[in-house]
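For what it's worth, this note's numbering labels the leading residue of the sequence shown as 4, then goes sequentially.
A virtual CB, placed ideally from N, CA and C, is assigned to each residue, including glycine.
Every value quoted in this text rests on a predicted model; they were computed, and no experiment measured them.
Structure record follows, encoded as structure tokens.
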Amino acid sequence: MLLYLISNTFLGALEVVFFMCVNEMQYLYIVEGGKLL
Numbered sequence: 004m005l006l007y008l009i010s011n012t013f014l015g016a017l018e019v020v021f022f023m024c025v026n027e028m029q030y031l032y033i034v035e036g037g038k039l040l
């Protein structure tokens, strides 16, 4: 049970980090695209 909880939390944290990275990439892409236009 504890191992399940730990792995669940770990996966949740990875998911959050992944989405933050994706949002950051999208933001930078939009900003750079705006400069190019």
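Just how far apart, CA to CA, sit residue i and residue j?
i	j	result
GLN29	GLU18	16 Å
SER10	LEU31	31 Å
LEU6	GLU35	43 Å
LEU8	ALA16	12 Å
CYS24	GLY37	20 Å
GLU27	MET4	34 Å
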